[in-house]
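All remarks here apply to the structure that follows.
Residue numbers (the numbering used here), protein chains in the order written: chain V, 288 to 475; chain R, 288 to 475; chain B, 288 to 475; chain W, 288 to 475.
Listed below in structure tokens is the structure:
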């Protein structure tokens, strides 16, 4: 199959190696989230009370860490469940995948921003914006894969459509969320 | 087996790719530990004595680095030895695995805290707390895997129970350690 | 083949593991790019306007992030498409590959420099210089692989030459770009 | 073989997954080296001259980056060439491997120290010390592997001894280098 595909006009990349880089980037982005957690400076190094207060004050950062870890974990899981239906990766799919990855790798910044400025509405808008861009490019990837014939024929048309619609609905919900926040922000 | 499982109601994820992300996150967390080691600022750049003193003063940080590296290495080894008995990964197992990973990825922070404030009892409490949460979620993962039939039937009931009990005992010991420290802390 | 190659005088390294480290370094370099994006300090933590201004002022950094992510993605893709024609990796090829990787791993610094000082011509020169060194060592790798007989005989001479020429042209274009910038800089 | 080894008393870990973590940690350590390169602060953001001076002043840091990248690349290559003779990984081998990895992951700190204080003899001593510890634990790993019968019988006794002696000589050379520097330092 591998060698057969290498002659296929749509073939551009070894699927296993792409999965590898995808998995790697998700794993790294999930682990880099921890770098946004800063050790507080204490006046009294032995004071349990002071350290506790300092950490409690940074609660939004910890909440953002956990939330972002789970969001990235879920996006990775989605990627995983779609990728196993792909027979090969075309150039268009590679570009859309790279776009998705650039958003995933950008996540530690968005998470850090939300952890540092949790009450600033722009932080949340950027966070939601990231997820929105990711979901749309994932949706385009799926439709494009069908278009170039990269989806395993073992996946029935019906199941393909169900997956597509689920992705479309997710993308629309986040786009609406983004739009509402944007309007609210502009109105203020 | 792979293709057979893909039709299995419990199947949600390619086990190899999950192992990959698990290994990746452990490797990254272990390597990120080094970022907590800061280069000291010297008045006299060429003074061996001053640099030696600066590094010796940061001894707790280096000790915390080595300890945390070995703890992560051991947790990774445990994960490894349980995972090879799993036939597939169910949704519940994936969630519990993500929880474990979020704790593993959080480790560089806990290690950094303990290295910076070794005499502050809260640092140690958080460190022990991390290991406790990890051990419990690993225990739940194991029991859950049995419940959904994900454990290889080649592993005898007896061996499954021995593994389970060993995990349970580890979790209880760390919980007790955590509780004792918490009580001591509150009493002060 | 693996075991056969292990007796081959040219064999020095397991190709799969080298690909692994190559993929890993590219994935990490692409994700580390995000660390150059710094959270701005705000006077009024809740001010959407102030945060927006701060982020817009850092626009070059974000542009550099996206550009560098795509450049690294493209270089990784090129590496991928050449590597699948290699039967084994000789010592010379390993050295040239390590050189390429040291440039790829250096990219986050070059990208960060360009994001911080976008109007400083030296930043751009260094960025172009990195790509130039990478392209030349990739070209040498390809020619060297042919020389030691490491290229799959299934790849026709004609295709080998086409690949080689494409690499040579890319290397020359970037060298010219680099030379022109260098002359312009020196003239100022 | 895999399943056979799982019943073997010496079996403790899946070799492929250990290789994975080894490769991952080397790839990450090699890429983290770049984080020691700091973007200089400029008074005149557009001054090519000032930026050039700032970078030239940091020349030791760049030299340390490149040197450390190649050292890590070479240690990884050595690891690779020994690992392919291992049939399984025993507990003792795992511990010695973890020790090796903790040194490899520590490298970015040692490299950073040498880049920042190139004229401070202690920096160089620590750097050489790291390589020395790595080489000895690698040597012990090799001898231990022979002792527990983990080395492929296809490797002749003669070749095993040649590998062992080469490792021993490397370890001794670096130990002597370390000792000489230590004595010189203490004498000052």
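Built from N, CA and C at the ideal position, the CB exists for glycine as well.
Out of the options, point me to the one whose CA is closest to residue i's CA.
| i | options | result |
| --- | --- | --- |
| residue 371(V) | 473(V), 422(V) and 303(V) | 303(V) |
| residue 472(B) | 321(B), 411(B) and 421(B) | 411(B) |
| residue 308(W) | 419(W), 398(W), 384(W) and 339(W) | 384(W) |
| residue 390(B) | 452(W), 460(W) and 317(W) | 317(W) |
| residue 339(B) | 404(V), 326(V), 346(V) and 365(V) | 404(V) |
| residue 381(V) | 467(V), 300(V), 466(V) and 440(V) | 300(V) |
| residue 425(R) | 306(R), 386(R), 395(R) and 358(R) | 386(R) |
| residue 362(R) | 353(R), 442(R) and 421(R) | 421(R) |
| residue 440(V) | 323(V), 344(V) and 373(V) | 373(V) |
| residue 438(B) | 377(B), 474(B), 399(B) and 343(B) | 377(B) |
| residue 354(W) | 446(W), 427(W) and 394(W) | 394(W) |
| residue 367(W) | 427(B), 341(B) and 306(B) | 306(B) |
| residue 365(V) | 474(V), 433(V) and 310(V) | 310(V) |
| residue 447(B) | 369(B), 350(B), 337(B) and 342(B) | 369(B) |
| residue 454(R) | 442(R), 433(R) and 427(R) | 427(R) |
Please look up how many angstroms separate the CB atoms of residue i and residue j, rounded, as I've assumed it's under 8 Å.
| i | j | result |
| --- | --- | --- |
| residue 332(V) | residue 406(R) | 7 Å |
| residue 423(B) | residue 458(B) | 5 Å |
| residue 469(W) | residue 335(R) | About 11 Å separates the two Cβ atoms, so there is no contact after all. |
| residue 418(V) | residue 461(V) | 5 Å |
| residue 435(R) | residue 360(R) | Not confirmed; about 29 Å, so no contact. |
| residue 429(W) | residue 444(W) | That pair is no contact at about 14 Å. |
| residue 320(W) | residue 346(W) | Not quite, the Cβ-Cβ distance comes to about 16 Å (not below 8 Å), so this is no contact. |
| residue 388(R) | residue 312(R) | 5 Å |
| residue 392(R) | residue 414(R) | Actually they do not touch by this definition, with Cβ atoms about 15 Å apart. |
| residue 465(B) | residue 416(B) | 6 Å |
| residue 352(R) | residue 324(R) | 6 Å |
| residue 400(W) | residue 326(R) | 6 Å |
What residues are listed by DSSP as bridge partners for residue i?
| i | result |
| --- | --- |
| residue 456(B) | The partner list for residue 456(B) (beta bridge, DSSP) is empty, contrary to what the question assumes. |
| residue 438(W) | 373(W) |
| residue 300(V) | 376(V) |
Residue i touches chain A at which residues, Cβ-Cβ below 9 Å?
| i | result |
| --- | --- |
| residue 381(R) | In the displayed structure, chain A is absent; the protein chains listed are V, R, B and W. |
message: Threshold first: 3 residues or longer. Then list the beta strand (DSSP E) segments lying entirely within the region 322 to 403 of chain B, N to C.
response: none
message: To be precise: take each residue of the region 391 to 405 of chain B, compare its Cβ to all Cβ atoms of chain W, and keep it if any distance is under 7 Å. Which residues remain?
response: 392, 393, 395, 396, 399, 400, 403 and 404
task: Using a Cβ-Cβ cut-off of less than 8 Å, give me the residues of the region 360 to 373 of chain V that come near chain R, in sequence order.
output: 360, 363, 364, 367, 368 and 371
Positions along the region 297 to 319 of chain V whose CB lies within less than 7 Å of some CB in chain R: 306, 310, 311, 313, 314, 315, 317 and 318
task: Scan the region 422 to 449 of chain W for residues whose Cβ lies nearer than 8 Å to a Cβ of chain B and list them as they occur along the chain.
output: none
- request: Closer than 8 Å, Cβ to Cβ, to anything on chain R: give me those residues from the region 334 to 356 of chain W, in chain order.
  value: none
message: To be precise: take each residue of the region 320 to 334 of chain W, compare its Cβ to all Cβ atoms of chain B, and keep it if any distance is under 8 Å. Which residues remain?
response: 320, 321, 322, 324, 326, 329, 332, 333 and 334
field: Proximal residues, the region 446 to 473 of chain W versus chain R, C-beta separation under 7 Å
entry: 472
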